[in-house]
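Student:
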Amino acid sequence: MTQTDRDAENGRDREKEQRGVKRPIAPAAVPEPVQEQIQANFVVVIHPGSKTLRMGRATDTLPISVPHVIARRHKQPGQPRHEDPCLLRDGLNCADSNEQRQNGLKMIDQVIWSRKMSNGVRRTPVSAEQARLYNRQIRPAVLEPNSKVSWTNTTHQPQYLVGEEALYVNPTDCYSIHWPICRGHLNVHSGPGGSLTATLVDLETIWSHAIQKLLEIPLKDLKYYRCILLIPDIYNRQHVKEVVNMLLVKMGFSAVVVHQESVCATFGSGMSSACVVDVGDQKTSVCCVEDGVSHRSSRLSLAYGGSDVTRCFFWLMQRAGFPYRECQLSNKLDCVLLQQLKESFCHLDQDISGLQDHEFRTRFPDSPVLLYQLRLGDEKLQAPMALFYPAAFGIVGQKMTSLLHRSQGDAEDPHDEHFLLTTQSKQDQSSKATADRKSFPKPAGFEGESSMCDPSEKGSLAQDIELGHAQAEGLVAGADAEETSSALLSRKTAMTQFEGKALGMDKAILHSIDCCSSDETKRKMYSCILVVGGGLLFHGAQEFLQHRILNKMPPSFRCLVENVDVITRPKDMDPRVIAWKGGAVLACLDTTQELWIHQREWQRFGVRMLRERAAFVW
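Dropping the structure here:
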């Protein structure tokens, strides 16, 4: 091409631009992560729970723990008071609730009486009536005329109160109580303060208060700090996106890493592989982790936890004539007391049998300190066993088991997994068609038809987009991509039915391990079951769970697995802080350099950064 021709072509290009002919715009490339030295004392690790917020610098030995609650002052006089429930939940007052509760209790009693104690002796039968005859006669003794516990001082009319101060707000004051996280997700509901925006504002206020007052970091200095955020294994993508945006844009952290609780739990306990069982206050999650990777197909979330055991224990104590008769599940201070009684009295030790006498004190604001005597029998064992027989919780008509579903798509991230699945399917079909042409050459007249898509392939493509390649969420592992639409429908129906069941904790563990792809991985998981969180802190829990798993695991694995090891206190650490500790370990790893999402990157690329940088499949 001569210089004259080149000049003419350039002139035509300029003329097209002037006429408004647009050239295709390539999407901006996400930059490679910057390698730089990170100081761990400038990294804040945040583990938000439904009941407790755990937060601290990565260099701290232990995190600070704060009740994850906020009290907000009413903006107008006479505004109705709202309080998010502590122990009450939907599905408890249905017509079938009491019958289901009784049926669950019968199953628990059958198990209790079928097992002998370690000395080979049968347990002593104890009826609730025996305890009730004693407890009905009990009257409290006054220990002190004044409890020296006071309501939170609100005379200066603060706009909000956080943590313990929020718990001790007088119900007669003009404040509403909000718990911004419920069962691992943002507590979005139709009541006052239940919108996504209001919940995020509550979350930001609580976290900012904890950072400023308890970690003593001025909020204006957060631009020098980074944050590691722990999220559940089964997460709401929209909620995670909004929280990351809050941390980077509104609170002003310079960078964020998002990681899963189960993987962080293995980091915190120093294990490379484990079936992680996280028993929280309102949910229990089960997931198999291998070499720092959470197996997507093995993730399960059960919609019950420690607070459900507390409520079940209260119901059992009422049946046995609980002497503190004014106790109400709607009173947040009574809920705190019931939580303490559960932690003090409940156990999973089959050798503890018969009636025992206990005592407890009530210490409330503007009230005397009262001492109560209490006689209990099997109630202390029955309540925690409800984790294995959740029908005893009496929850009807609620989704009790959750599996990880595919993303519904995000307008800000057009190149998400749906896009990748579609393009991958088209490439697979194109490769297949090319291979077919090479293997079976056709006459010239039929050449044009080879590129046409077979109707069955179209169906297969639609199914791939709907459920993805090797969709293994729960029941659908190893499904054939060529199945018919009726088979696809039956799979989705089976998935819905599965999610409607209330699985016991032991069955959930067996199901999670069974969803692993290889026998070698399953053997690893049976060999190491790691229990974290505060919902199973009962005497005898380790032996009890181990016995349940050994009895129910498939016979084919009993000879392969040398020992089923259930670990409830790795390195003698408090299981409630292990996931947080793992987040602190993560801050110090060299590989974490590749996971940081910086503030400028987030402002430019948004949710795309989570797909590009997250250590798990977003």
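Numbers 1437 to 2054, taken from our numbering, label the letters of the sequence shown in order. Each residue gets a CB set at the ideal place from its N, CA and C atoms; glycine is no exception. Only a predicted model underlies this, so the values are computations on that prediction, with no experimental measurement involved.
1) Kindly give me the distance between the Cβ atoms of Asn2018 and Thr1641, rounded to whole angstroms, as I take these residues to be in contact under 8 Å.
2) Per DSSP, which residues does Gly1813 bridge with? Please list them.
3) Just the Cα atoms here: how many angstroms apart are Ile1901 and Gly1845?
4) At 4 residues or longer, and completely inside the region 1569-1629: list those alpha helix (DSSP H) runs for me, N to C.
5) Could you tell me the distance, in whole angstroms, from the CA atom of Ser1743 to the CA atom of Gly1540?
6) Got a sec, what are the start and stop residues for the alpha helix (DSSP H) Asp1942 sits in?
7) Helix, strand or coil: how does DSSP classify Arg2040 here?
8) Helix, strand or coil for Cys1663 per DSSP?
9) Quick check for students: name the residue ranges of the alpha helix (DSSP H) that lie wholly in the region 1962-2031, counting only runs of 4 or more.
10) Is Leu1528 near the ligand FMN - that is, is its Cβ less than 7 Å away from at least one heavy atom of it?
11) Okay, do the region 1479-1494 and the region 1611-1618 touch, 3+ Cβ pairs below 8 Å being the bar?
12) What does the alpha-carbon distance come out to for the pair Gly1833 and Ala1938?
13) Here's the rule: buried if 16 or more other CB atoms are within 10 angstroms of the residue's CB, otherwise exposed. What is His1504?
14) At a cut of 8 Å, does the region 1821-1837 reach the region 1736-1750 through at least three beta carbon pairs?
15) Restricting to Cα atoms, I'd like to know which of Leu1603, Lys1542, Leu1784, Val1722 is closest to Gly1969.
16) The beta strand (DSSP E) spanning Phe1478 covers which residue range?
17) Between Ser1953 and Cys1724, what straight-line distance do the alpha-carbon atoms span, to the nearest angstrom?
18) With a threshold of 6 Å on Cβ separation, who are the neighbours of Ala1646 within its own chain once the five nearest residues in sequence on each side are excluded?
19) Could you tell me which residues DSSP pairs with His1695 in its beta bridges?
20) Excluding the 5 residues preceding and the 5 following Tyr1611 in the sequence, name in chain order all residues of the same chain whose CB lies nearer than 6 Å to its CB.
21) Strictly by DSSP, which residues pair up with Asp1770?
22) My guess is that Lys1552 and Leu2046 are in contact by the Cβ rule of under 8 Å, so how many angstroms apart are they, rounded?
23) Can you give the Cα-Cα distance for Gly1884 and Thr1870, rounded to whole angstroms?
24) May I ask you to report which of helix, strand or coil DSSP gives Pro1820?
25) For Pro1826, count neighbouring C-beta atoms within 10 Å of its own C-beta (all shown protein chains included) and say buried if the count is 16 or more, exposed if not.
26) Tell me which same chain residues have a C-beta within less than 8 Å of the C-beta of Gly1716, skipping the five on either side of it?
27) Give the C-beta separation of Ala1567 and Arg1761 to the nearest angstrom, bearing in mind that I take them to be a contact with Cβ-Cβ under 8 Å.
28) Pull up the distance between the alpha-carbon of Ala1880 and that of Ser1866, whole angstroms please.
29) Have a look at the DSSP bridge pairing and note the partners of Ser1501.
30) Since Thr1720 and Met1941 are thought to touch, with beta carbons under 8 Å apart, how far apart are those beta carbons, to the nearest angstrom?
31) Smallest Cα separation from His1841: which of Glu1795, Leu1791, Arg1732?
32) Please report how far the alpha carbon of Lys1686 lies from the alpha carbon of Glu1697, in whole angstroms.
33) Taking DSSP as the reference, what is the three-state secondary structure of Ser1563?
34) Using a Cβ distance threshold of 8 Å, determine whether the region 1563-1583 contacts the region 1749-1768, with at least three qualifying pairs required.
35) Among residues of its own chain, excluding the 5 on either side of Gln2055, which ones have a beta-carbon nearer than 6 Å to its beta-carbon?
36) In whole angstroms, give me the CA-to-CA distance for Gln1412 and Ala1944.
Tutor: Taking the coordinates as given:
1) According to the sequence provided, residue 2018 is Gly. The question's Asn does not apply to it. That belief does not hold up - the Cβ atoms of Gly2018 and Thr1641 are roughly 27 Å apart, past 8 Å.
2) Under DSSP, Gly1813 takes part in no beta bridge, so it has no partner.
3) Residue placement at Ile1901 cannot be trusted, given a pLDDT of 34 that sits under 50; what the coordinates show is reported in the next sentence. Per the coordinates, the alpha-carbon of Ile1901 lies some 11 Å from the alpha-carbon of Gly1845.
4) List check, alpha helix (DSSP H) in window: 1600-1603.
5) The C-alpha of Ser1743 lies about 17 Å from the C-alpha of Gly1540.
6) Note, Asp1942: alpha helix (DSSP H), 1941-1950.
7) The three-state reading of DSSP puts Arg2040 in helix, counting H, G and I together.
8) It is a strand residue.
9) 1977-1988, 1991-1994, 2014-2023, all fully within the region 1962-2031.
10) The ligand FMN is not part of the structure shown, which contains no ligands of any sort.
11) Verdict: yes, contact present.
12) Rounded to the nearest angstrom, the two C-alpha atoms are 11 Å apart.
13) Taking every protein chain shown into account, the CB of His1504 has 16 or more other CB atoms within 10 angstroms, so this residue is buried.
14) With the rule of 3 Cβ pairs closer than 8 Å, the region 1821-1837 counts as touching the region 1736-1750.
15) Nearest in C-alpha terms to Gly1969, of all of Leu1603, Lys1542, Leu1784, Val1722, is Val1722.
16) Unbroken run through Phe1478: none, as it is neither H nor E.
17) If I take the Cα positions, the gap works out to 11 Å.
18) Exclusion of the five residues before and after Ala1646 leaves Met1491, Val1502 as the residues of its chain whose Cβ lies within less than 6 Å of its Cβ.
19) Per DSSP, Leu1666.
20) Hits under 6 Å: Ala1507, Arg1509, Val1605.
21) Residue pairing by DSSP places Asp1770 opposite no residue, since no beta bridge is assigned to it.
22) Contact annotation, Lys1552 with Leu2046: C-beta distance approximately 53 Å; criterion of less than 8 Å not satisfied.
23) Unreliable positioning characterises Gly1884 in this predicted model, as indicated by a pLDDT of 39, which lies under 50. The coordinate reading is nonetheless provided below. Taking the straight line joining both Cα atoms gives about 13 Å.
24) Residue state, collapsed to three classes: helix.
25) Answer is buried; the Cβ neighbour count reaches 16.
26) Excluding positions up to five away in sequence, the list reads Gly1485, Ser1486, Lys1487, Gly1620, Gly1741, Gly1742, Gly1969, Gly1970, Gly1971.
27) The C-beta distance from Ala1567 to Arg1761 rounds to 15 Å, too long to fall under 8 Å, and the pair is not in contact.
28) Bear in mind that the predicted position of Ala1880 carries a pLDDT of just 43, short of 50, making it unreliable; the figure below should be weighed with that in mind. Approximately 19 Å between the Cα atoms of the pair.
29) Residue pairing by DSSP puts Ser1501 in a beta bridge opposite Arg1490.
30) Indeed, because the Cβ distance is near 6 Å, the residues count as touching under 8 Å.
31) The residue with the shortest Cα to Cα distance from His1841 is Arg1732.
32) Taken atom to atom, the span from the alpha-carbon of Lys1686 to that of Glu1697 is near 24 Å.
33) Ser1563: coil per DSSP, three-state reduction.
34) By the Cβ rule, the region 1563-1583 counts as touching the region 1749-1768, because three or more pairs are nearer than 8 Å.
35) Past the boundaries of the shown model lies residue 2055; the chain is included only from 1437 to 2054, so the question cannot be answered.
36) Only positions 1437 to 2054 of the chain appear in this structure, which leaves residue 1412 out of reach.
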